[in-house]
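Novice: Before anything else, here's the structure in question.
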Amino acid sequence: MSIDMVLTVKILEYLSSMSPCTLSSSDFSALQKLADGDELKLARHLRYLEGHGFIEKGSVVFSASFPMINVASLCITQSGEDYLMSEGGLTAYKNTITVRFHAEAIALIERAILNSDLAPQEKTSYLSRIRELPFSATEHLLKRLLDLGLRHVPDVVQLVQKFLL
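Numbering-wise (our numbering), the sequence shown opens with residue 117 and increments by one.
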C-alpha cells in the first residue's frame with residue numbers, strides 16, 4: 117500500500133484542529149472516515165507520520181495480525197504543525213543557514229582582479245563595475261565564486277598533502 121499524501125495532510129489537519137486535546141471515540145471515528153473507514157490504511161499513514169516526527173511516538177503499534185492505535189497519545193507534534201504552515205514555521209527557521217558576505221569578501225575579489233594578468237585599463241573597468249553592482253548582483257556573484265571555489269577543494273587538499281609530505 118502506498119502512502120497517499122493528500123490523506124496524510126488531511127490527518128495532520130484534523131489532528132491540528134483537535135490539538136492539544138486528547139481525541140474522543142467520536143473524534144477517532146471522524147479520523148477513520150478520512151481513511152474511508154479502513155483502519156489498516158489509517159494505521160499505515162499514522163505510522164508514516166510518526167516516523168517523520170509529525171505525530172507523537174507510540175500512537176500506532178502493529179501486532180502480528182492487526183494495528184493498535186493508541187487514541188490517547190494520538191497528537192500532532194510541533195514539526196507536524198510546522199509542516200502545515202506555508203512558510204514552514206519554526207522548523208524552517210531553525211533549519212535555515214544564513215551566509216553573510218562582508219566587505220572583506222569584495223576586497224578579496226578586488227585584490228584578485230588587481231593581481232590578475234588583465235591590462236590595467238581592464239582592471240580599472242572591472243573594479244568600478246563591481247563597486248557599482250547592486251546588492252543582489254553582488255550576492256549572486258559571491259555565491260557563484262563560492263561554488264567555484266568549493267569545486268576546487270580537492271585541488272587544495274592535494275596541494276596541502278604534497279606540501280606536508
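Virtual Cβ for every residue (Gly too), placed ideally from N, Cα, C.
All values reported here derive from a predicted model rather than from experimental measurement.
If we call anything under 8 Å between Cβ atoms a contact, is residue 145 one with residue 172?
Specialist: Cβ distance not < 8 Å, so residue 145 and residue 172 don't count as in contact.
Novice: Evaluate residue 269 with the Cβ neighbour count: other Cβ atoms within 10 Å of its Cβ, from every protein chain shown; 16 or more gives buried, anything less gives exposed.
Specialist: Classification of residue 269: exposed, given that the 10 Å Cβ count is below 16.
Novice: Residue ranges of each beta strand (DSSP E) run of no fewer than 3 residues wholly in the region 118-204, ordered along the chain?
Specialist: Listed in chain order, they are 176-178 and 183-185.
Novice: From which residue to which residue does the alpha helix (DSSP H) around residue 221 run?
Specialist: Element bounds for residue 221: 219-230.
Novice: For residue 288 and residue 175, which I take to be in contact (beta-carbon distance under 8 Å), what is that distance rounded to the nearest angstrom?
Specialist: Here the chain comprises residues numbered 117 to 281, so residue 288 is not present and cannot be evaluated.
Novice: Counting Cβ pairs, one atom from each stretch, are 3 or more of them under 8 Å apart for the region 152-169 and the region 226-238?
Specialist: These segments do not touch.
Novice: Here's the rule I'm using: 16 or more other beta-carbon atoms within 10 Å means buried, otherwise exposed. How should residue 131 be labelled?
Specialist: With 16 or more Cβ atoms within 10 Å of its Cβ, residue 131 is classed as buried.
Novice: Is the Cβ-Cβ distance between residue 161 and residue 192 less than 8 Å?
Specialist: Taking 8 Å as the Cβ cut-off, residue 161 and residue 192 do not qualify as a contacting pair.
Novice: Starting from residue 254, trace the alpha helix (DSSP H) in both directions and tell me its first and last residue.
Specialist: Residues 251-267.
Novice: Using the C-alpha atoms, what's the distance from residue 198 back to residue 206?
Specialist: Taking the straight line from one Cα to the other gives about 7 Å.
Novice: Taking the alpha helix (DSSP H) that residue 240 belongs to, which residues open and close that run?
Specialist: That run of the alpha helix (DSSP H) goes 236-248.
Novice: Between the Cα of residue 194 and those of 249, 155 and 136, spot the shortest distance and give me the residue it belongs to.
Specialist: Checked all of 249, 155 and 136; the closest Cα to residue 194 is 136.
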